[in-house]
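J.:
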Amino acid sequence: MAVSIAQVTAEHHHDGFGLFTPTPRLSWRFNPTTVKNWEQASYDIVVTRPGKDEECYHVESSQSSLVPWPSSPLVSRERATIRIRAAGKDGSTTEWSSLTIEVALLHRTDWSTSAKLISGPPHGPEPKRPFLLRRTFTKPASLSAQARLYATAHGVYEVEINGKRVGDQIMAPGWQSYHHHLHYQTYDITALLEEGDNVIGVHVAEGWFAGRLGRPGVPNHWGERPAFLGQLEIGEQVVCVSDASWEYLYSPILLSELYNGETYDSTAYDPTWSTTSPRTRALGSAEEVGFPDAELIAPELPPIRRVMELKPKEIITTPSGKKILDFGQNFVGWLRIDKDIPGKPGDTNIIRHAEVLELGELGTRPLRSAKATYTVKLGGTTRGLETKFTFYGFRYAEITGYDEFTLDDFTGIVIASDLRRTGIFECSHSHINRLHENAVWSMRGNFISIPTDCPQRDEKLGWTGDIQAFAPTANFLFDTSAFLSSWFQDLAVDQKDADGIVPVIIPNPPKQPDGRMKRPMAIWADCAVLTPWDLYNAYGDTKQLSDQWESMCLWLDQGLPRDERGFWSTASPQYGDWLDPRSPPDMPGNSPTDSFLVANAFLIHTTRIAAETGSLLGHINKATKYTTDAARLTTLFLHEYVTPSGRLACDTATTYILALAFNLLPDHQLLTARARLSHLIRTDRFRISTGFAGTPLILPTLARNNMLNLAYRMLQEADCPSWLYPVRMGATTIWERWNSMLPSGSINDGQMTSFNHYALGSVCRFLHEVVGGLSPAEPGWSIANVAPRPGGTVRSAKTKFDSPAGPYECEWALDVSNKMRTRVCVPPNGRARLRLNGVDEVVGSGEYLFETVWEPEGEWPPTAIPGPQRNVVESSFIP
Ligand code: BGC
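Under the UniProt record's numbering, think of the first position of the sequence shown as 1, with each following residue one higher.
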């Protein structure tokens, strides 16, 4: 199998169309190979730019990721074709691989001065009715070149030209910190245009920009008037811009709200409205509402798209006689109605969405104040109808107003930011596989333009603590490089607005009534330092790290409120070990673990990561300062919280986990700390007693501290709270609370009972790195660690990661006599540091097979320590 290039990419852009830099760095990933130890010696790049001679560059370098743009800077709208081939040290050469790129509008001045945000008339009371905008323009016969539409909105929009939908994006331009950044989209509309008259029509709705956000929630965080901005060019000649010459019309969508859902009037839909002979007359002219103050950015991250379709599995009739579709999978998106629902004007069809059933009926309590309802006024066509400008998190859809439906009449449309899947994990344990699959579904459903906490209730917000916990898992499962770095641009600006405090939600809705913006929270705010570092480790891009450096320093030097010793000030409360299962349902922050101990442990860890970042980026003075700070704070921590022998002031698993994970203890205290942690885990009978702080770290930390058997035992625990309890209860996504659904089948009393919250899916890091055995040994996976550690009753596993170099794979299986067969694949130009029993070597590309003898690490199953109440039911694990 000769070495070949799988894909060429520009920056972290998903397809290279609509780049926002004149000098895109180029990367190429290789296909898997059996060729051993292939290392790149040089590469050739041929750049073809219109009107210029072909440029050929030969570079002696082993770098295949993010190499500098070789040519002179590109200009706005410029297209170029890039061909790349790589040559190995062995003298072999790959075939050429190519990528066509196109630059978007790089400068504000590329936008016509006549282009304005346009809206309908000012609105009445909230929420705002969506509206349509329309204009006829001419394509002169003389212009036959490529046509482009550059478009965005305050709110959300969708464009049609001559009755046909433009692009496949959903809820464009997505969610940004709109006072600072506004993404615009580039569309190739060449094929949609006809000679002579053409019509462009735009749907506009309030979206995140002007809709209600939060709980109880206020609207209009960034402005009151949803509006559209567009510039249509043919062969670089601007032929139409959004201005007051456009017409304004009512939309058949009567309401569209992020939390409450959409209402659609099928009798008001005119399929000709965006064609040259529309039936519907305009209500008036559009109003110009200025040009965006925010920086206009062509985004790198892929758009939200329909990524999958699901057919319902079953129609359930509830005890009260309601009819409910069950999709068998909790997901994010909406239904498509696949038939013309009979009905006359005045009749309605109502679809209510929920994630669970409670006592056999639709379980809407977890939605809190969100109505999550799609209402269709009947009498017109309904076939093909879908929600347009919001989404629901659901598995069940209750249909009223049409009883005779069949499974064929509806299809589930799954939406997500269309990230490339990079990580696969599978093992011999079916429950663990389902747990992993649940994390994938929760990531899919919560990566909707930004990383959100949950997709169903009155939040759908970019909580920083959640992604801080989940990022190492996310970065493995999907290519998050552009997605997260784009979100970090917003974090940095919102943080500046909050005087250096990192808001707990990004984008930070500016009109929150409760002063949330100024609420500094460890773990959540530490995301500003920890997550860019995770991103750097996953993708090896120092530019992404340096873009974040100012924000890191701002947090540590200014935003973080300290006492006179440099520890966290205790003046305001902390979320701490949020959602510790022992905290009361209505007080999820009341964990038995001291929230300031947690905050200070994270402070030391965060300071150390900042120090490492500083020294990597060459900010030596800052790096030295942070190193000194971290050392001083560690001494303070030991003085404040640790006994001389290594017991901790707060006797909980989270405390020990943080002390061990963040290397806060000197060697002579480790034995005591480990023994106490083991004791606590065994007395808890392997059930979870940690929250947001401890849970993401517990299994990897046990594995690193010679307690691998305890890690597997916890992983395989059957009873609540445990990772597999929800799986046993039929979960198809990760729950917010271990017991969001109680064993009785009723929903937990608390407020935090989302059934689609990725944070606790952070356990997958352990699956990928320890069970599967794959992790980056160097940032960007130029070298991978391959060190699978079987345990528990898991007898085989297969893990694959498509890294910036190409796919790494590790597959292992134990036979009855504990012989371990391991197959390892390393991509061209990659290397792996292999660690198996009796094997410790670094290998280059190729496929390798090993046969070793597996020696169990620790007793199995480890024993629990009985409590004083002997009658307490022993816990059990799922073999
Ligand atoms: C969110 C969480 C978040 C938390 C912090 C919740 O409402 O859903 O995931 O991190 O609030 O308070």
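Ideal Cβ placement from N, Cα and C applies to all residues, glycine included.
Return the Cβ separation of Ala-653 and Leu-677 in integer angstroms, given the expectation that the two are a contact with Cβ distance under 8 Å.
T.: Position 653 of the sequence shown, counted from the first residue, corresponds to residue 653. Position 677 of the sequence shown, counted from the first residue, corresponds to residue 677. Right, the Cβ-Cβ distance comes to about 6 Å (below 8 Å), so this counts as a contact.
J.: Compute every distance between the C-beta of Cys-810 and the non-hydrogen atoms of the ligand MG, then say whether any falls below 7 Å.
T.: Although the ligand MG was asked about, the structure shown includes only the ligand BGC as ligands.
J.: Using three-state DSSP, classify Phe-766 as helix, strand or coil.
T.: As a first step, residue 766 must be located in the sequence shown, where it is residue number 766. Here Phe-766 sits in helix by DSSP.
J.: Do Trp-578 and the ligand BGC come close, with the Cβ less than 7 Å from some heavy atom?
T.: The residue given as residue 578 occupies position 578 in the sequence shown. Answer for Trp-578: yes, Cβ within range of the ligand BGC.
J.: If you count every other CB in all the chains shown that lies within 10 Å of the CB of Gly-792, and 16 or more means buried, which is it?
T.: For the purposes of this step, residue 792 is identified with residue 792 of the sequence shown, where counting begins at 1. Gly-792 is buried by the Cβ-count criterion.
J.: Any chance the CB of Trp-463 is under 7 Å from a heavy atom of the ligand BGC?
T.: Within the sequence shown, numbered from 1, the residue matching residue 463 stands at position 463. Correct: Trp-463 has its Cβ closer than 7 Å to the ligand BGC.
J.: Let me know if Cys-553 comes out buried or exposed under the rule of 16 or more other beta-carbons within 10 Å of its beta-carbon.
T.: Position 553 of the sequence shown, counted from the start, is the residue given in the question as residue 553. Cys-553 is buried by the Cβ-count criterion.
J.: Using 8 Å as the Cβ pair cut-off and three pairs as the minimum, do the region 291 to 309 and the region 347 to 366 touch?
T.: Verdict: no, contact absent.
J.: Please state whether the Cβ-Cβ distance between Thr-753 and Arg-395 is less than 8 Å.
T.: As a working mapping, residue 753 is identified with position 753 in the sequence shown. As a working mapping, residue 395 is identified with position 395 in the sequence shown. For Thr-753 and Arg-395, no; Cβs fall outside 8 Å.
J.: Tell me which residues share the same chain as Met-443 and place their Cβ nearer than 8 Å to its Cβ, disregarding the 5 neighbours each side in the sequence.
T.: Along the sequence shown, read from residue 1 onward, the residue named residue 443 stands at position 443. Same-chain partners within the cutoff: Phe-470, Thr-473, Ala-474, Leu-477, Phe-478, Tyr-758, Gly-761.
J.: So, under 8 Å CB-CB, Val-727 and Leu-530 are touching, yes? Tell me the CB distance rounded to an integer number of Å.
T.: Translated into positions along the sequence shown, residue 727 becomes position 727. Translated into positions along the sequence shown, residue 530 becomes position 530. Between Leu-530 and Val-727 the Cβ distance is about 28 Å, and since that is not below 8 Å, they are no contact.
J.: Might you give, ordered along the chain, the residues of its own chain that have their beta carbon closer than 7 Å to the beta carbon of Leu-710, omitting 5 neighbours on each side?
T.: On the sequence shown, residue 710 is found 710 positions in, with the first residue counted as 1. Contacts found: Ser-678, Ile-681, Leu-702, Pro-862.
J.: In terms of residues, what are the limits of the beta strand (DSSP E) holding Phe-394?
T.: Mapped onto the sequence shown, residue 394 falls at position 394. Taken as a continuous stretch (DSSP letters only), the beta strand (DSSP E) holding Phe-394 covers 392 to 400.
J.: Is it the case that the Cβ atoms of Trp-568 and Ala-525 are separated by a distance below 8 Å?
T.: Locating residue 568 in the sequence shown gives position 568, where the first residue counts as 1. Locating residue 525 in the sequence shown gives position 525, where the first residue counts as 1. No; because the gap between Cβ atoms is not below 8 Å, this pair is not in contact.
J.: Residue range of the alpha helix (DSSP H) that Ser-640 falls in?
T.: Counting from 1 along the sequence shown, the entry for residue 640 is found at position 640. The identity of residue 640 in the sequence shown is Glu, whereas the question assumes Ser. 620 to 641 is the extent of the alpha helix (DSSP H) around Glu-640.
J.: Looking only at its chain, what residues have a beta carbon closer than 7 Å to the beta carbon of His-221, apart from the 5 residues adjacent to it on each side?
T.: On the sequence shown, position 221 is the one that residue 221 refers to. Once the five neighbours on either side are set aside, the close Cβ partners of His-221 are Leu-213, Pro-509, Pro-510, Lys-511.
J.: In whole angstroms, what is the alpha-carbon distance linking Lys-139 and Gly-201?
T.: As a first step, residue 139 is located in the sequence shown; it is residue number 139 there, counting from the start. As a first step, residue 201 is located in the sequence shown; it is residue number 201 there, counting from the start. If you take the alpha carbons of Lys-139 and Gly-201, they lie about 16 Å apart.
J.: Confirm, please, whether the CB-CB distance from Arg-608 to Pro-700 is below 8 Å.
T.: Counting from one through the sequence shown, the residue named residue 700 turns up at place 700. Counting from one through the sequence shown, the residue named residue 608 turns up at place 608. Their beta carbons are not under 8 Å apart, which means Pro-700 does not touch Arg-608 by this criterion.
J.: For the beta strand (DSSP E) that Phe-410 lies in, which residues bound it at each end?
T.: For the purposes of this step, residue 410 is identified with residue 410 of the sequence shown, where counting begins at 1. Its beta strand (DSSP E) spans residues 410 to 417.
J.: Who pairs with Phe-877 in a beta bridge, going by DSSP?
T.: Sequence index remark: in the sequence shown, residue 877 carries index 877 (1-based). Per DSSP, Glu-717.
J.: Under 8 Å, with one C-beta from each stretch per pair, do the region 183 to 196 and the region 252 to 271 reach the 3-pair mark?
T.: Touching, no.
J.: To the nearest angstrom, report how far apart Pro-581 and Val-356 are at their CA atoms.
T.: Translated into the one-based positions of the sequence shown, residue 581 becomes position 581. Translated into the one-based positions of the sequence shown, residue 356 becomes position 356. One C-alpha to the other measures close to 21 Å.
J.: Find the nearest neighbour of Gly-163 within the set Ser-144, Arg-135, Ser-142, judged by alpha-carbon distance.
T.: For the purposes of this step, residue 163 is taken as the residue at position 163 of the sequence shown. Out of Ser-144, Arg-135, Ser-142, Arg-135 has the C-alpha closest to the C-alpha of Gly-163.
J.: Is DSSP giving Ala-653 helix, strand or coil here?
T.: Within the sequence shown, numbered from 1, the residue matching residue 653 stands at position 653. Looking at Ala-653 - three-state DSSP - the assignment turns out to be helix.
J.: May I have the straight-line CA-CA distance separating Pro-879 from His-429, to the nearest angstrom?
T.: Residue 879 sits at position 879 when you count from the first residue of the sequence shown. Residue 429 sits at position 429 when you count from the first residue of the sequence shown. About 8 Å.
J.: Where does Trp-273 sit, in a helix, a strand or coil, going by DSSP?
T.: The residue labelled residue 273 in the question sits at position 273 within the sequence shown. Correct three-state label for Trp-273: coil.
J.: For the region 740 to 755 against the region 410 to 420, do three or more pairs of beta-carbon atoms, one drawn from each stretch, fall closer than 8 Å, so that the two count as touching?
T.: Cβ pair count under 8 Å is below three, so no.
J.: Quick check: the Cα distance between Ile-448 and Leu-616, rounded to an integer number of angstroms?
T.: Translated into the one-based positions of the sequence shown, residue 448 becomes position 448. Translated into the one-based positions of the sequence shown, residue 616 becomes position 616. So the two alpha carbons sit approximately 32 Å from each other.
J.: Per DSSP, what kind of secondary structure is Pro-216 in: helix, strand or coil?
T.: Mapped onto the sequence shown, residue 216 falls at position 216. In the structure shown, Pro-216 sits in coil (DSSP, three-state: anything other than H, G, I, E or B).
J.: Whole angstroms are fine: how far does the CA of Phe-228 sit from the CA of Glu-386?
T.: Start at 1 with the first residue of the sequence shown, and residue 386 comes out as number 386. Start at 1 with the first residue of the sequence shown, and residue 228 comes out as number 228. Near 22 Å, if we compare the C-alpha coordinates of Phe-228 and Glu-386.
J.: Apply the 10 Å Cβ neighbour rule to Ile-501 and answer buried if 16 or more other Cβ atoms are within range, or exposed otherwise.
T.: Against the sequence shown, residue 501 aligns to sequence position 501. So Ile-501 ends up on the buried side.
J.: For Ala-759, verify whether its CB is less than 7 Å away from any heavy atom of the ligand BGC.
T.: In the sequence shown, residue 759 corresponds to position 759, counting from 1. Yes, the beta carbon of Ala-759 sits closer than 7 Å to at least one heavy atom of the ligand BGC.
J.: Apply the 10 Å Cβ neighbour rule to Ala-649 and answer buried if 16 or more other Cβ atoms are within range, or exposed otherwise.
T.: By 1-based counting over the sequence shown, the position of residue 649 is 649. With fewer than 16 Cβ atoms within 10 Å of its Cβ, Ala-649 is classed as exposed.
J.: Between Tyr-575 and the ligand BGC, is there a pair consisting of the residue's CB and a ligand heavy atom that are separated by less than 7 Å?
T.: Taking the sequence shown and counting its residues from 1, the one referred to as residue 575 is at position 575. Yes, the beta carbon of Tyr-575 sits closer than 7 Å to at least one heavy atom of the ligand BGC.
J.: Can you list, in chain order, the residues of its chain with a C-beta nearer than 6 Å to that of Glu-206? Leave out the 5 residues immediately preceding and following it.
T.: Locating residue 206 in the sequence shown gives position 206, counting from the first residue. Here the set comprises Lys-128, Gly-155, Pro-226.
J.: When DSSP labels each residue in this structure, what does Arg-685 get in the three-state scheme?
T.: Here residue 685 corresponds to residue number 685 of the sequence shown, with the count starting at 1. Correct three-state label for Arg-685: coil.
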